[in-house]
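This report refers to the structure that appears directly beneath it.
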Amino acid sequence: MCEDCFEKGDSRAPGSVIDDAGSRRLFLLLGLSVLAGCAKQTVLSPMPSPPWPARPPSSPEVQQETTAIPMPAPPEPTPQWRRQLLPRSAWARGLPVPTRMNRMSSIRFITVHHDGMDPFFAIDHATVAAHLEGIRRLHRRKGWGDIGYHFAVDRAGRVWEARPLNWQGAHVKDHNPGNIGIVVLGNFERQQPSAAQLDGVRVHVSTLMRVYNVPLNRVHTHQEWGVATVCPGNALQKALLRLRRTGRLG
Ligand SMILES: [Zn+2]
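Last residue of the sequence shown? That's 249 in numbering that gives the first Met the number 0, and every number before it is there in order.
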């Protein structure tokens, strides 16, 4: 578990403007197709590239890398599994505990995470559902009222409803009020996101930006909050920066 993804302790946010009607409006809108983005907001500077050591092509290290046993190839998600929003009831084995959560305040931010656990390639419904339930139980054992994130995106690009949006999330220490948390399933320090998964993130984040009027400069990854964390992992961080630079979010 990526412990640094899951923090708690934000003070109760004043008021709540996100009601059930707002949640219904979001889910009704999630099926809409996305127009090509036009990034009018500030384009963020890219993260510095990792300092790869320069090695001659014939060095033993290079030969070892090229002959190493690769990670098992993940199954390719089928197109019909993409862009589906699955309700919380499709996976959760327990209800949220309202007394342990704060009401969501006016939505101003969106933050993307990875789960940071072992590399996760599954796309079948039952395995993904069990994975989410595992995360929920970990978070409940911390004393939290529910899974800390509001949405999850699996490797097939499907979006799963997690903590209901009328409750404040628990995913960035001291920055949870008004902050929608999206976890991308996998460990992107150790694996690459699939194309379908990245597209699921792009579509879902863009939809949330439009529905809640969140500008691009308020869409962050966990590490961009200045928290000491690698979340959402190097591969996903780079992919999200590319989406921003090419104006495909929003
Ligand atoms: Zn995180």
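The beta-carbon is built from N, C-alpha and C at its ideal position, and this holds for glycine as well. Fair warning: this is a prediction, and the values are worked out from it, not measured in the lab.
Nonlocal neighbours in the same chain, by C-beta distance under 6 Å from residue 181, ignoring five residues either side:
111 and 150
Please classify residue 88 as buried or exposed, where buried requires at least 16 neighbouring CB atoms within 10 angstroms.
exposed
Is residue 138 near ligand 1 - that is, is its Cβ less than 6 Å away from at least one heavy atom of it?
no
State yes or no: is the C-beta of residue 149 nearer than 6 Å to some heavy atom of ligand 1?
no
Please name the residue or residues paired with residue 113 in a DSSP beta bridge.
183
Contact under 7 Å by Cβ, residue 235 with residue 183:
yes
Straight-line CA distance for residue 241 to residue 197?
11 Å
Are there 16 or more other CB atoms within 10 angstroms of the CB of residue 45, so buried, or fewer, so exposed?
Low local confidence applies: a pLDDT of 43 at residue 45 is under 50, so the model's placement there is unreliable, and no value is given.
Say the cut is 6 Å; is the CB of residue 221 nearer than that to a heavy atom of ligand 1?
Yes, the Cβ of residue 221 comes within 6 Å of a heavy atom of ligand 1.
My output table needs one value for residue 247: the three-state DSSP class, helix, strand or coil.
coil
Applying the 10 Å Cβ sphere with the 16-neighbour rule, what's the burial state of residue 13?
Per-residue confidence for residue 13 stands at a pLDDT of 35, beneath the threshold of 50, marking its modelled position as unreliable; the derived number appears in the next sentence. Per the 10 Å Cβ criterion, exposed.
Any heavy atom of ligand 2 closer than 6 Å to the CB of residue 130?
No copy of ligand 2 occurs in the structure displayed; its ligands are ligand 1 alone.
C-beta atoms of residue 170 and residue 133 nearer than 7 Å:
Cβ distance not < 7 Å, so residue 170 and residue 133 don't count as in contact.
Terminal residues of the alpha helix (DSSP H) in which residue 124 lies
124 to 140
Could you tell me if the beta carbon of residue 112 falls within a distance shorter than 6 Å of some heavy atom in ligand 1?
yes
Classify residue 154 as helix, strand or coil using the three-state DSSP reduction.
The three-state secondary structure of residue 154, taken from DSSP, is coil.
Using a 10 Å radius around the Cβ and a threshold of 16 neighbouring Cβ atoms, would you call residue 176 buried or exposed?
buried
If I measure Cβ to Cβ from residue 126 and keep anything under 6 Å in the same chain, skipping five residues before and after, which residues do I get?
none
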